[in-house]
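Structure, as structure tokens:
There are 6 protein chains.
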Amino acid sequence: MEKIAPAGLAEDFDLGKIGLVVEGTKDVRMVCAALDPTLKVVLGAASLGADMLVVHHTPLFTPVTRIVGTTARILKILLEHEINLFVMHTNFDHADGGINDAIADMLELSDRRRMSLGIIGDCHLSLTELIKRLGCGARVYGQVSGFQRVAVVGGSGFQPDLMEEACNLGADLFISSEMKHSTGRLAPLPCIEATHYALESVGMKAISEKMGWTFIDDPPESCLLI
Amino acid sequence: MEKIAPAGLAEDFDLGKIGLVVEGTKDVRMVCAALDPTLKVVLGAASLGADMLVVHHTPLFTPVTRIVGTTARILKILLEHEINLFVMHTNFDHADGGINDAIADMLELSDRRRMSLGIIGDCHLSLTELIKRLGCGARVYGQVSGFQRVAVVGGSGFQPDLMEEACNLGADLFISSEMKHSTGRLAPLPCIEATHYALESVGMKAISEKMGWTFIDDPPESCLLI
Amino acid sequence: MEKIAPAGLAEDFDLGKIGLVVEGTKDVRMVCAALDPTLKVVLGAASLGADMLVVHHTPLFTPVTRIVGTTARILKILLEHEINLFVMHTNFDHADGGINDAIADMLELSDRRRMSLGIIGDCHLSLTELIKRLGCGARVYGQVSGFQRVAVVGGSGFQPDLMEEACNLGADLFISSEMKHSTGRLAPLPCIEATHYALESVGMKAISEKMGWTFIDDPPESCLLI
Amino acid sequence: MEKIAPAGLAEDFDLGKIGLVVEGTKDVRMVCAALDPTLKVVLGAASLGADMLVVHHTPLFTPVTRIVGTTARILKILLEHEINLFVMHTNFDHADGGINDAIADMLELSDRRRMSLGIIGDCHLSLTELIKRLGCGARVYGQVSGFQRVAVVGGSGFQPDLMEEACNLGADLFISSEMKHSTGRLAPLPCIEATHYALESVGMKAISEKMGWTFIDDPPESCLLI
Amino acid sequence: MEKIAPAGLAEDFDLGKIGLVVEGTKDVRMVCAALDPTLKVVLGAASLGADMLVVHHTPLFTPVTRIVGTTARILKILLEHEINLFVMHTNFDHADGGINDAIADMLELSDRRRMSLGIIGDCHLSLTELIKRLGCGARVYGQVSGFQRVAVVGGSGFQPDLMEEACNLGADLFISSEMKHSTGRLAPLPCIEATHYALESVGMKAISEKMGWTFIDDPPESCLLI
Amino acid sequence: MEKIAPAGLAEDFDLGKIGLVVEGTKDVRMVCAALDPTLKVVLGAASLGADMLVVHHTPLFTPVTRIVGTTARILKILLEHEINLFVMHTNFDHADGGINDAIADMLELSDRRRMSLGIIGDCHLSLTELIKRLGCGARVYGQVSGFQRVAVVGGSGFQPDLMEEACNLGADLFISSEMKHSTGRLAPLPCIEATHYALESVGMKAISEKMGWTFIDDPPESCLLI
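Chains as they are written, first to last, in my numbering: chain A, 145 to 370; chain B, 145 to 370; chain C, 145 to 370; chain D, 145 to 370; chain E, 145 to 370; chain F, 145 to 370.
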């Protein structure tokens, strides 16, 4: 696992929150993967006889002193079935072949360059095709009539310094999720706001295919109404 | 102004950031209002001969030691034209006749009750009509087949404790803006994510009509693509 | 449970660490109790078919972001058997009929008075009998030739301010556990250092008898060698 | 400007508080300088048609969330006239040819050596002449009958560690401003307390002459009465 | 002592730093007083056979973990001669008959009113006479041609909020010590900067006379040169 | 002294609390040593005419602003007799020939290896003989039937990470003092809890013999009762 997403690549706020987060059996044969360890996902992993579940988001990001509610139900299933829960978060964001490379592959970015977070590259898709690939519907900020060099950042990537960095690298479009009003007001380039799940699940799906893991898809139930 | 949005209603993080934020002329006759003091808005206020501009969001939320870039341009126009900038933020969110009352009016909520933030009430609009009223397109989370009691919260209101409170008060739909992935995963009821501007600008428009101020509309340029 | 150890009596550092700490079945019939939720204790509770285990010390005092090692094994057993884990800590120390009352009962203290923590009372036992009652062997600091008014504090009670308080209330002997060298040097009265388990387990045993719970004894394996 | 007072020489507490503090025109031809950007100074700069005003003390040392009172009046004049405000503070204290070199020049110090802050050198002036050069009157602490090696520190330089350093370097007189009672009590050598303005304005005057800037003098109105 | 300067009147930063600061004999007959416990003062107290020395400034304001240098020499003399060191600081500033009342007496202020710190009153002395009474020479800020209502604050009283308060109470002159350049620039009324010792020693002298203590005078060796 | 216990070896929490802690005469001829500077110890040092007292524990660990009670009595004797108080704490724990080497010598450990704190080595003593050497009676945790490789840590060494380190280095017994209940519950190997004094005084005794200092023994008055 260390090769896929070296722990040293993680941000400081992930300290103690990646790697083996729930300890199960020592004898790992069947591996599943998903973006989040939701109830549906862990039930699926259990029914598939998984010994390990690899996810992007830990269920214990905020340190806990109580195991109750949904957390208790999820941990019950994992511990009962001795399923190891393994988390790759910001270390997988930064890794070669990680979250952001998978987005870049999906959008066929060429001439890629790694930013401090995310990737920038040339995109030859039409806007219609690009939105179709994202698959979640999107909110577009600013004039996106034409674009060539596109920055993509999985997760909550609409940070002023990241957008600045993208501009300096020649980007004319910035794709990420969870835009804040105050940030959008000051955005220095056109932006496309997709969903967190649409952007990041492709990375878990891609690594699953590569490693022979079984990916369990569980997108939030959502749709756009205009 | 103290009657419209009493300073004592503001959250602690607004301390020193509401009320008179830029000092202009003592002689206030013509008043404009807007959601944000953008460059377009302050230019508009100046061209209208405004003596005061009332806004919801301060341009100086993060304390500054330098006046440069867009901030410098905005302050230049305000100071040059001696336009007072007056901020009503969380105090106007909580006020009677404030931001959340205006949203409730727009959605024709009846049998209203104030929550710790936002308002809950009965809504007899159809989903299609409700989305139309919001006017910004929206992302819907969960099954919104039917609803009766709707919670509305201007700004970034998708907070776990607020949603919990709404459930306890019988809500079957929660409307706010800026949903985070991790929060959406755990939402205890169906949600509609509108834009920050769509929800909050109605409050500034309503108070302007009531007070005889000139409202300057400046929505972010955005659209939904599916 | 709120009557036995009201949450409002807990120290600030116990915030979020008492009450229901691991959530199990809603249908509670059989209750066990112990001082610590050790592996031996939770296995015992499971084999007895317990629906709830009441303990003094939480296994999650330091907030966790990972469930591994002994913690994982303990939580596995609790969750698998749907055993609720209920913690009464400093709230039970302060409660009437709590930890310190049980110690006072064991040492037959009369004319009792509650201190800010612990209890002071008259003791008519001989030193030999007192040590026998404690049942763990003890280290005696200072001259304990005769004594009348004895202060008892369950847990790590050798705090300078508590010892000062005991002196002011006329104590001529102070009984607690986990004496530190620097504190012992400055102790203003003779002290008897028992074990944490010997002092506090009597409180859990006493409440179990009163409530009809099954107390599971699990003293640390230790002995004194001279 | 970077050559005159390299930003890297500034103390940590000046982070974000030096360099371009108020942004004006890009086209800088006429430059003024002063110690403080007082109302009198900025009015003077505006009437002289300045494009930039270089000062030692920022008007925004404490970060602000409101632009009111004197600050609003000063910023109004600067922004209205598009005068850039450029601050050189502790970076100019430490710079070659900076604040402390100018004091040393005024007192004709020879055989100079830079301290961690300030300069030490041989002084051949009489006490009377030295006081006359300072030009502000002065309070003398201790016996200043004769002296040879003099330490000078612009600003509030009566710090115990600086005075210690000066002693170790052989100083027999220490000149700075704003002596505190508790510090004076423990001063390890005779001291002369001049005014902050008298010591630091000479540095701004000297750099103005060198650079062809127009220095605007605005000493605080003060005098000594005995 | 509690009557002279009630501990409850002290500022928070004096917590643990007033009252009995060095413990000597229980049998107190001969009492000395001074502003600071300098080496000269404690030697004087010892030679006078003092059992207690009452001072305004503690020698242990910054908490210490080492007793060396001047501090060691002062403590040696105090402990050797069993002289109690008793500190009255901000509690004596605020007390009736305390530091600020003594200054007001010296300047013959009438119609007095207590400020949050310091006293304001009518003064009929000429400027020349006022300076003479202060006895230390003074630096005058602003135009002091005539004045009637004078605010006096012992210690470092040139605080913006205090000066504001004095203005609101009608003051046309503010007397204190240790003016900072940045504060002086914004002072809303004329100011006279005397020395800390000149202002505060009169309070210790006055209470000594009243209580029959022996006051030991030890002004810093200083003079003004123009 | 720097050779015996280099200051650079001390833990961060000892900053400013080791070395010369009370300053006495410059002329040091007669040196005493002890574990703690108790009243009995400093009186002994004074009666022996000591010029310096070397101890392991500073009397000023918590920074003080008042010199009262026992601290005042101890400092009085030291200052009166001009006895320098020199502290070697964690720097002496880590030093070659320091606290932990002395314990290892007492227990005849061979094939020694230094841990991050403490020493591990082979021990050929019987349990009975080992307890006898410790000389203070001891509480034994776990099964100590046989042992070979023993870790010793002076002071409060029962830290989870230290015990883990000892296990990894092959230890089958861990000797230190001041075991906490929660730590003992999770101890990964058998432990012997001796007294702080018994373990650490041997180090001060050993260095005294080596350096020709007079060691003053002052064990806490304590005994075990079973």
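The beta carbon of each residue, even a glycine, is placed where N, CA and C say it ideally should be.
On a predicted model such as this, the values are computed, not experimentally measured, just so you know.
Counting along the chain, no beta strand (DSSP E) covers Ala246/A; the unbroken alpha helix (DSSP H) around it starts and ends at 243-250. Within chain A, the C-beta atoms nearer than 9 Å to that of Gly213/C come from Glu167, in chain order. Judged by their CB atoms, Val199/D and Ala216/D are not nearer to each other than the 8 Å cut-off.
By the rule that beta-carbons nearer than 8 Å mark a contact, Glu365/D does not touch chain B. Contact of Glu308/E with chain D is not assigned, every C-beta pair being separated by 8 Å or more.
The beta-carbon distance between Phe318/A and Leu333/A, rounded to whole angstroms, is 6 Å. This is short enough to meet the 8 Å contact definition. For the stretch 152-180 of chain F, the set of residues with a beta-carbon nearer than 7 Å to any beta-carbon of chain E comprises Gly160, Lys161, Leu164, Val165, Val166, Glu167, in chain order.
Rounded to the nearest whole angstrom, the C-alpha separation of Ile336/C and Leu253/F is 33 Å. With contacts defined as CB atoms closer than 8 Å, Gln292/B and Asp316/B qualify as a contacting pair.
Every alpha helix (DSSP H) of 4 residues or more that sits fully in the stretch 251-305 of chain C is shown, in chain order, as 271-278. Contact annotation for Glu322/F against chain C: Glu322, Met323, Lys324, His325 [CB-CB distance below 9 Å, chain order]. Beta-bridge annotation (DSSP): Glu337/B is paired with Arg283/B, Ser320/B.
Chain-ordered, the chain A residues with CB closer than 8 Å to the CB of Thr202/C read Thr209. Residues of chain B whose Cβ lies closer than 9 Å to the Cβ of Glu224/D are, in chain order, Lys220, Leu223, Glu224.
Within the same chain, Cβ atoms closer than 7 Å to the Cβ of Leu183/F are found at Thr214, Arg217, Ile218, the five residues on either side in sequence being excluded.
Close to Thr182/F, with beta-carbon spacing below 9 Å, are these residues of chain C in chain order: Arg329.
DSSP, read as helix, strand or coil, puts Ile211/A in strand.
When Cβ pairs closer than 8 Å are counted between the two stretches, the stretch 356-368 of chain B is seen not to touch the stretch 296-316 of chain B, the count staying below three.
Close partners of Ala315/B in chain D (Cβ separation under 8 Å) are lacking, with about 35 Å as the shortest Cβ gap.
For His233/F, there are no neighbours in chain C by C-beta distance under 9 Å, as the nearest C-beta there is about 12 Å away. Secondary-structure assignment with DSSP links Asn312/A through no beta bridge to anything. Taken in chain order, the whole beta strand (DSSP E) runs of length 3 or more contained in the stretch 188-242 of chain E are 196-199, 228-231. Pairwise C-beta distances place the stretch 346-359 of chain C in contact with the stretch 237-250 of chain C, as three or more of them are shorter than 8 Å. If you draw a straight line from the Cα of Glu309/B to the Cα of Met259/B, it comes to about 8 Å. If you look at Gly356/F, you'll find it isn't in any beta strand (DSSP E); DSSP assigns it neither H nor E. Sixteen is the threshold: since fewer than 16 other Cβ atoms of the shown chains lie within 10 Å of the Cβ of Leu159/B, the residue is exposed. Of all alpha-carbon atoms in Thr327/D, Gly328/D, Leu343/D, Ser321/D, the one lying nearest the alpha-carbon of Arg277/D is that of Leu343/D. Counting only residues of its own chain and dropping the five nearest sequence neighbours on each side, Gly279/B has a CB closer than 8 Å to the CB of Ala342. Taking C-beta separations shorter than 7 Å and ignoring five residues to either side along the sequence, the partners of Gln287/D in its chain run Pro334, following chain order. With respect to Val186/B, Leu223/B sits apart: the two C-beta atoms are not nearer than 8 Å.
Of all residues in the stretch 270-282 of chain B, only Ile275, Gly281, Ala282 place a beta-carbon less than 7 Å from a beta-carbon of chain A. In the same chain as Tyr285/E, and ignoring 5 residues on each side of it, the C-beta atoms closer than 8 Å to its own belong to Met323, Gly328, Ala331, Pro334, Cys335, Ile336, Glu337, in chain order. About 4 Å separates the beta carbons of Ile370/A and Gly281/B, which is inside the 8 Å limit, making them a contact pair.
Shown here for Ser300/C: same chain residues with a beta carbon closer than 8 Å to its own, the five before and five after excluded, namely Ser320, Ser321, Glu322, His340 in chain order. Taking Phe230/C as the centre and dropping the five residues before and after it, the same chain places the C-beta of Met145, Gly163, Leu164, Val165, Met196, Leu197, Val198, Val199 closer than 8 Å to its C-beta, in chain order. Listed along chain B, no residue sits closer than 9 Å to Leu187/A by beta-carbon distance, the nearest being about 15 Å off.
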